[in-house]
Amino acid sequence: MALADLQHRIRRAVVRGDDASLRGTMVGGRDPLRRLRIHRRHYLMSLTAVVTGRFPATAWLVGASRLEHAAVEFVEQCPPTMPCMAEYGDAFPAFLASWPELAALDYVPDFSALDWHLGRVSVCVDAAPVMRADLASFAADELLEQCVSLQDGCHYLEADWPVDALMSLYLRDASPDIWTLTPEPVCVQVRGSRGALQFQRLDRGSFVFRTALASGLTLGDAAARALTTDPRFDPGAALLGALDEQLFTTLGMTPGGAR
């Protein structure tokens, strides 16, 4: 048996629990396959701990035991594809959207997506921002052709439920006597830096403008997209507002590039 084939069979036994192809191959002791199953248990337990550890707010919302149950099924169905465990779990919110036990709670996937990104942006550090004075070196038509880079600790989320308000309850450790969650479409900007977090709701035009810039569109193209969404959108005010929030880190012909 080739080494690569043996490695594939062992991986299938550890990750999928399918050790049939290893019968007669593993030797030593009374039950070598049983010893191999110990590695599978360690695999499941360690990755389940990784996933549940990345979603503390979701555990608060749905219950720790239910989250752990979902995490076990996620690990079995979605094994890691990258060596960095810090990135494992980014597909968990989408998994929850189709998980039968939470089918009736359709706000949970958006909430857990916010939970995931909070863990990422909270450890970011703001870079030196582009200021209003930096616009002076551009002619008006030239400015429209520029791209920007946003602060690393910035994330945008569109949801059908006010998950930002729900997350604020968790972060404040608040327990109101009565709090009703009702459907409410929201466009949210999340900013994180050095452990501090800030939620800001945006109007539709500003949300489209900023997400378009984040995707690499020029200022002119991002403004055009926002105007298509909301004819009341004011590109000049939106640009100055983003500058005053110190949202941009570079301004140039390409995202992250120089003029």
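Residue 525 in my numbering sits at position 75 of the sequence shown, with consecutive numbering throughout. Note that beta-carbon positions come from the ideal geometry of N, C-alpha and C, so glycine has one too.
Counterpart residues of residue i in DSSP-defined beta bridges
| i | result |
| --- | --- |
| Q639 | Y606 and Q650 |
| L702 | Leu is not the amino acid found at residue 702; the sequence shown has Gly there. Note: G702 sits in a beta bridge opposite C597. |
Assigned exposure category for residue i - 16 Cβ within 10 Å defines buried
| i | result |
| --- | --- |
| T700 | buried |
| S665 | exposed |
| C534 | exposed |
| V571 | buried |
| W629 | exposed |
| P633 | exposed |
| T661 | buried |
| G603 | buried |
| T508 | buried |
Start-to-end residues for the alpha helix (DSSP H) that takes in residue i
| i | result |
| --- | --- |
| Y620 | V613 to R622 |
| P550 | Per DSSP, P550 belongs to no alpha helix (DSSP H) and is neither H nor E. |
| G666 | Neither: G666 is in no alpha helix (DSSP H) and is coded neither H nor E. |
| E695 | First-last for E695: undefined, no H or E at that position. |
| L564 | V558 to V571 |
| P506 | P506 to V512 |
Alpha carbon of residue i to alpha carbon of residue j, nearest angstrom
| i | j | result |
| --- | --- | --- |
| P681 | R675 | 10 angstroms |
| R709 | L546 | Here the model assigns R709 a pLDDT of 49, short of 50, so the residue's position is not dependable, and the following value carries that caveat. Approximately 44 angstroms, taken between the alpha carbons. |
| A577 | Q601 | 7 angstroms |
| L619 | L697 | 26 angstroms |
| Q650 | A521 | 30 angstroms |
| Q596 | A673 | 12 angstroms |
| S587 | A609 | 38 angstroms |
| V658 | T679 | 8 angstroms |
Original post:
If we count Cβ pairs, one from each stretch, closer than 8 angstroms, do we get three or more for the segment 519 to 531 versus the segment 640 to 654?
Top reply: Segment contact: the segment 519 to 531 against the segment 640 to 654, fewer than three CB-CB distances shorter than 8 angstroms; contact not assigned.
**OP:** Spell out a yes or no on whether the segment 687 to 699 and the segment 577 to 597 are touching, meaning 3 or more CB-CB pairs, one atom from each, closer than 8 angstroms.
**Re:** A contact exists between the segment 687 to 699 and the segment 577 to 597.
Original post:
Taking one C-beta from the segment 507 to 516 and one from the segment 550 to 568 each time, how about it: are there three or more such pairs within less than 8 angstroms?
Top reply: Touching, yes.
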